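A short write-up of the structure that comes next.
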Amino acid sequence: MARKDTILKSFLTHDLLESKYEFDKADLPSTVREALSSDKPIIKAIALIVDGLDGTSPVTDSVLRNQVTQFLNEAL
Numbered sequence: 002m003a004r005k006d007t008i009l010k011s012f013l014t015h016d017l018l019e020s021k022y023e024f025d026k027a028d029l030p031s032t033v034r035e036a037l038s039s040d041k042p043i044i045k046a047i048a049l050i051v052d053g054l055d056g057t058s059p060v061t062d063s064v065l066r067n068q069v070t071q072f073l074n075e076a077l
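As structure tokens, this is what we get:
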């Protein structure tokens, strides 16, 4: 599994996200590519953020986690 897919999965399986949007974990996309095609806006938004990692600027996992967590806190 690619690094971006692993990061995406960690966000999509967050308890807050699951309870707010009542997602069934079995139905969640397993790759960024699948998530970008999602009809659920929050899944697509997270996928866009994760996919935006271009690899040229150093982004640590903790920095990315903070960015997505902030996005989720504002969106929810």
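With my numbering as the guide, the letters of the sequence shown map in order to residues 2 to 77. Cβ atoms here follow ideal geometry from the backbone N, Cα and C, with glycine treated the same way. A quick note: this is a predicted structure, and the numbers were derived from the prediction, not measured.
Between which residues of its own chain and Val51 is the CB-CB distance below 7 Å, once the five residues before and five after are set aside?
Lys5, Ile8, Leu9 and Val33
By Cβ distance, which residues of its chain are closer than 6 Å to Leu29, with the 5 residues on each side in sequence left out?
Leu13
Can you grab the Cα-Cα spacing for the pair Ala3 / Arg66, in whole Å?
17 Å
Could you spell out where the alpha helix (DSSP H) holding Asp6 opens and where it closes?
Arg4 to Leu13
Less than 7 Å between C-beta atoms, sequence neighbours within five positions excluded: which residues of the same chain meet that for Ser63?
none
Range of the contiguous alpha helix (DSSP H) that encloses Ala46:
Pro42 to Asp52
Cut-off 8 Å between Cβ atoms - residues of its own chain near Glu19, not counting five sequence neighbours on either side:
Lys26
Is any non-hydrogen atom of the ligand NAP found closer than 6 Å to the C-beta of Val51, if you look at the structure I gave you?
Looking at this structure, you won't find the ligand NAP or any other ligand, since it has none at all.
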